[in-house]
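Numbering (the numbering used here), first residue to last: 49 to 288.
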Amino acid sequence: MPTPRSTSAGTRSRRSAEAETGSPALHDTAVADLQSMRPETLARIEAAVTELFCKQDFYAVSLLDVARSANVSLQTIYKYFGSKESLVYSMLDLALSRLGARMIDHLQGIDDTRERLRKTFWVMLDYADRHPDVIRLLGNAIPATRHRDIRIFENPVLIGAFIGVLKEGQQRGVFDDGVSSKILLDVLLGILLRVVQMHLLRGDPKPLIDQFDELFAIVWRALSKPAPQPEQAHTPPSSR
Numbered sequence: 049m050p051t052p053r054s055t056s057a058g059t060r061s062r063r064s065a066e067a068e069t070g071s072p073a074l075h076d077t078a079v080a081d082l083q084s085m086r087p088e089t090l091a092r093i094e095a096a097v098t099e100l101f102c103k104q105d106f107y108a109v110s111l112l113d114v115a116r117s118a119n120v121s122l123q124t125i126y127k128y129f130g131s132k133e134s135l136v137y138s139m140l141d142l143a144l145s146r147l148g149a150r151m152i153d154h155l156q157g158i159d160d161t162r163e164r165l166r167k168t169f170w171v172m173l174d175y176a177d178r179h180p181d182v183i184r185l186l187g188n189a190i191p192a193t194r195h196r197d198i199r200i201f202e203n204p205v206l207i208g209a210f211i212g213v214l215k216e217g218q219q220r221g222v223f224d225d226g227v228s229s230k231i232l233l234d235v236l237l238g239i240l241l242r243v244v245q246m247h248l249l250r251g252d253p254k255p256l257i258d259q260f261d262e263l264f265a266i267v268w269r270a271l272s273k274p275a276p277q278p279e280q281a282h283t284p285p286s287s288r
């Protein structure tokens, strides 16, 4: 079991202020170490965080609200997380790590560049359909400037899988090599996140996966290497 944090007067004051106002107190470690937490306890906390924070503003939810919803003590929440940032980042890291593991598993044994990208996009779109609250949580609770505080965004295995698909496509002359593979990843994720977020905002009851072929065609065109343009004959300006 991890050693409980010091309950100094300053720490108690910080906790009291957060419990009363719902304002986040910064924590040294953005993502908590959950190795020693019981799986059933972690599952209840994850469910509570997802339900509460995806439907309310970050500042409207207190750690006490989470503790009550998860049926755990407030002391347990502070022991493992210490702040709302750490709590939310940790739950998102947990959820997105599952997505990463699934994606890497689905890419095993696929060599064709188009099929690798197709499978990558399918897994991501299917995840968004199955876990809309995680997408809402990511959009509502975490500003883009803090995404780097979620470990999965720096996970070399997951990001390496993304970049590997794109770099390989560039080397094979399939994807646009006029920009870096990181820019291609930005384009891919930019299209995906915008489509998913607007789908949720519009309240469209149809799953996005129903439009997979059409959406993938858009992504494929966006990432594909442009066809060579014929050189235009240079006509010198007429002299007067």
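The beta carbon of each residue, even a glycine, is placed where N, CA and C say it ideally should be.
Can you look up residue i in the DSSP assignment and give me helix, strand or coil?
i	result
S272	strand
F223	strand
Q156	coil
G251	coil
L82	coil
Q277	coil
S228	coil
I190	coil
Using the C-alpha atoms, what's the distance from residue j back to residue i?
i	j	result
E94	Q277	52 Å
H154	I190	28 Å
Q218	D141	30 Å
G130	I183	24 Å
A143	V235	23 Å
R92	E262	38 Å
A270	T124	47 Å
S84	L90	10 Å
V290	V114	Given that the chain is displayed from residue 49 to residue 288, the structure contains no residue 290 and the question cannot be resolved.
P274	D225	9 Å
R116	S138	18 Å
H179	E99	11 Å
D181	F264	23 Å
V227	G212	15 Å
R220	G157	18 Å
S134	Q259	36 Å
CB-CB under 7 Å to residue i, same chain, minus the five flanking residues each way: which ones, in chain order?
i	result
V267	F169, L236 and I239
L214	F223, S229, L232 and L233
G187	Q245
F101	V109, V136, L185, N188 and A189
For a cutoff of 8 Å on Cβ pairs, would you count residue i as touching chain E?
i	result
A115	In the displayed structure, chain E is absent; only one protein chain is listed.
Keeping to the same chain, check which residues put their C-beta closer than 6 Å to that of residue i; ignore five residues upstream and five downstream.
i	result
F106	A189
R53	Legend: pLDDT at R53 = 41, less than 50; position of this residue unreliable, value from coordinates given subsequently. Cβ within range, chain order: n/a, list empty.
S272	none
Beta-carbon within less than 8 Å of residue i's beta-carbon, same chain only, minus the 5 sequence neighbours each way: which residues are those?
i	result
R150	V171 and Y175
Taking three-plus beta-carbon pairs below 8 Å as touching, is the region 240–259 in contact with the region 149–165?
Between the region 240–259 and the region 149–165 there are fewer than three C-beta pairs closer than 8 Å, too few to call the two in contact.
Contact the region 206–213 vs the region 251–259: 3+ CB pairs below 8 Å:
No: fewer than three Cβ pairs fall under 8 Å.
Can you list, in chain order, the stretches of the beta strand (DSSP E) that have 3 or more residues and sit fully within the region 84–161?
Scanning the region 84–161 from its first residue to its last, no whole beta strand (DSSP E) run of 3-plus residues comes out.
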